[in-house]
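For reference, the structure discussed in these notes is given below.
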Amino acid sequence: MTLNCTQWGLHEFRDQKEIRLNWARLRVRLIRRDRDLLLVEIRDDREIVELGDDPESDFRRYAFERNLRAIRVLPMMPDRPILVQPLHPLRLAPKAEVEFYLSIPVDIQLSTPVPGPTDPALFEPLERLQSEILSDSWFGDQIQGVFCYALKSRARRERPQLESGSDSRAICKIKIENSSEVQLHVSKFCLRLERCHIWQKDNELWSSPIHIRYRGTDQLTAIDYYETAPEELGDCTRIADAEKDPTENLISRTFSGIGSAFASI
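First residue of the sequence shown: 82, per my numbering; consecutive thereafter.
Quick look at the structure:
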């Protein structure tokens, strides 16, 4: 059995039958049995039963063509938009801009190597796990709204200090620019993260920064994503690619107001 202190990257079984991965609120056991793999999720010191057609078992079982030699573990941004509230709502004057920092629980993507020699190495998705179970939420009206997650953590003006062992959270830097001629009430907004890379420096994870440009109630809100890491990081490593091309900047439709990605609580 191997107990890994560095969670991200390629974990080889070698002569071991089990790999254990630990995050703040999730522990994962990967047990190899011949050509089968058993996966056990443990949250809050309790084992989760999620086996579909076999509800009496406490693991998920996978069968492969040959013996499995390794598992790749990478962070991913959540698979839905997230509903964000600032720690202190504010009113943003015309032509003003403000920066927020948000701590976001990442998803955990487990993948297996594709059999045979490939250059670069190829991997097949095995399982995507939430590092923390997030609450379901809805943002917007019944017609133009979006199914999302609600975060307990609030967006802050200061860079947050991640606690020791918080390697399952990524910091996202968000700039909000009010390029309209009217005041913008920033009390709640919906953040899409599928165009963000994930970067690592020391034990911290960061997403690519996001720039939201509000252009008035009769205009769509423009959201820009970046290929580069936040400037605060300096020398860092990109450990996970965005699910969608960051250069394809997003124009978001109204959810709870005309032309805005924002809404009052």
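Beta carbons are placed, not taken as given, at the ideal position from N, Cα and C, and that holds for glycine.
Taking 8 Å as the cut-off, the beta carbon of residue 236 is found no closer than this to the beta carbon of residue 314.
In the DSSP annotation of this structure, the continuous segment of the beta strand (DSSP E) that includes residue 103 starts and ends at 99–103. For residue 320, the closest alpha carbon among the candidates 296, 265, 217 and 190 is that of 190. Annotation: residue 326 to residue 216 spans about 27 Å, alpha carbon to alpha carbon. One alpha carbon belongs to residue 165, the other to residue 274, and they sit about 12 Å apart. The C-beta distance from residue 281 to residue 318 rounds to 5 Å, short enough to fall under 8 Å. Exclusion of the five residues before and after residue 112 leaves 99 and 119 as the residues of its chain whose Cβ lies within less than 6 Å of its Cβ.
Rounded to whole angstroms, residue 242 and residue 302 show a C-alpha spacing of 30 Å.
Following the DSSP letters along the chain, one finds residue 211 inside the beta strand (DSSP E) bounded by residues 204–211. In the three-state DSSP reduction, residue 329 falls in the coil class, being neither helix nor strand.
Residues 254, 287 and 290 of the same chain have their beta carbon placed closer than 7 Å to that of residue 311, with the five preceding and five following residues left out of the count. Burial state of residue 174 is exposed, judged by a 10 Å Cβ sphere holding fewer than 16 other Cβ atoms. With fewer than 16 other Cβ atoms inside 10 Å of its own Cβ, residue 228 counts as exposed.
Counting C-beta atoms within 10 angstroms of its own C-beta, residue 156 has 16 or more neighbours from the protein chains shown and is therefore classed as buried. Taking 8 Å as the cut-off, the beta carbon of residue 212 is found closer than this to the beta carbon of residue 188. Our two residues, residue 298 and residue 329, have alpha carbons roughly 23 Å apart in a direct line.
Approximately 6 Å separates the beta-carbon atoms of residue 150 and residue 94; this is inside 8 Å, confirming the contact. If you look at residue 91, you'll find it in the beta strand (DSSP E) that goes 90–93. For residue 193, the uninterrupted beta strand (DSSP E) run begins and ends at 188–194, by DSSP. Setting aside the 5 residues that flank it on each side, residue 163 is surrounded in the same chain by 185, 215, 229, 230, 231, 232, 271, 272 and 274, each with a C-beta closer than 8 Å to its C-beta; the list follows chain order.
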